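Residue numbers (my numbering): 1453 to 1742. Comments concern the structure below.
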């Protein structure tokens, strides 16, 4: 039986774009039509969509059926990440951000937003555990790792990754076997790694839609927030809304890390720039969120 190809015309493209923006804030321009076409065709092949007869029906169900809505969101998330991606942030966190807390043995709470398949969260945990050891600290460190994609959250909880040293390089201070079990050795030095409980137990994975009007966190809740390489998928006004909500959950003196192509936008007066896409909250003000 020939596989059905779902063709997307201009009207249908607009419906998909509008629905995606409405449910999670992701904004895809018309230039992404081929990608949208491919993602929709992949989604319509999934078992959850086997009885859906048209894209119009799919769009209608996205508004009323939670499992279909989640599958629709999952199909459009981008999940490019690596262990110690943008490694300068982890060196910065090790040498400057963590030190004041670790010296006093104060508890540390970290938000890793848009954590995707989890490599960033495990990189943060590895950095924290290493820092605790070298500074001889008893600080209790808790990492909340969030993502909107439920498939990615389930994958991340397992903590199992393929690491190719030809493509990625861990910082020199990382002794891989101290933090990960090597469960398989493949050709060309490629390894299958599984996070040890010493770092897994520091992390709690939970779902969060950054586009939501409110977040399930308290004001001044976090010492450190990672929000890297996700704002680029939002419109500028929505980027500012996300930043304002994250700002409100960050303690004064806390650190915000953004992705290499992202910036603090209109919130610049509420932060001091510490380093490369690294910002320190300098105000106790709570920002209103549109």
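Note that beta-carbon positions come from the ideal geometry of N, C-alpha and C, so glycine has one too. Owing to the predicted nature of the structure, the values given are computational and were not obtained by experimental measurement.
Excluding the 5 residues flanking residue 1672 on each side, which residues of the same chain have their C-beta closer than 6 Å to its C-beta? 1703
Would you say residue 1592 lies against chain C (beta-carbon separation less than 9 Å)? Of the chains in the structure shown, none is chain C; there is only one protein chain.
Suppose the cutoff is 7 Å on Cβ atoms and the five residues either side in sequence are ignored; what does the same chain contact list for residue 1542 look like? 1536, 1575, 1579, 1623
What separation, rounded to the nearest whole angstrom, lies between the Cα atoms of residue 1464 and residue 1600? 24 Å
Output needed for residue 1603: all residues of its chain with C-beta closer than 7 Å, excluding positions within five of it in sequence on either side, in chain order. Closer than 7 Å at Cβ, skipping near neighbours: 1526.
Can you name the residues that DSSP bridges to residue 1709? 1678, 1730
Pick from 1739, 1548, 1512, 1468 that is closest to residue 1721, judged by C-alpha positions: 1739
Closest by CA to residue 1520, which one among 1507, 1483, 1501? 1501
Helix, strand or coil for residue 1562? Go by DSSP, reduced to three states. The three-state reading of DSSP puts residue 1562 in strand, counting E and B together.
8 Å CB neighbourhood of residue 1573 in its chain, flanking five on each side removed: 1564, 1567, 1595, 1597, 1608, 1655, 1657
Going by DSSP, what residue range makes up the alpha helix (DSSP H) through residue 1535? Note, residue 1535: premise wrong, no alpha helix (DSSP H); not H, not E.
Local conformation of residue 1454 per DSSP, three classes: At residue 1454 the pLDDT is 49, less than 50, meaning the model places this residue with poor confidence and gives no usable figure here.
Based on DSSP bridge pairs, tell me the residues matched to residue 1469. Residue 1469 pairs with nothing; no bridge assigned.
Can you give me the C-alpha to C-alpha distance between residue 1474 and residue 1692, rounded to a whole angstrom? Between the C-alpha atoms of residue 1474 and residue 1692 there is a straight-line separation of about 17 Å.
Under DSSP, the beta strand (DSSP E) around residue 1593 begins and ends at which residues? 1593–1599
In whole angstroms, what separates the C-alpha of residue 1453 from that of residue 1459? Reliability fails at residue 1453, whose pLDDT of 43 lies under 50, so the model's placement of it is uncertain and the value that follows must be treated cautiously. In this structure, the CA atom of residue 1453 is about 18 Å from the CA atom of residue 1459.
Residue 1741 - partner residues in DSSP beta bridges: The partner list for residue 1741 (beta bridge, DSSP) is empty, contrary to what the question assumes.
Let me make sure I understand the geometry here. Which of 1666, 1612, 1663 has the alpha-carbon closest to that of residue 1651? Here the closest residue by C-alpha is 1612.
Near residue 1724, what residues of its chain come up, given a Cβ to Cβ distance below 6 Å and the 5 sequence neighbours on each side ignored? 1732, 1734
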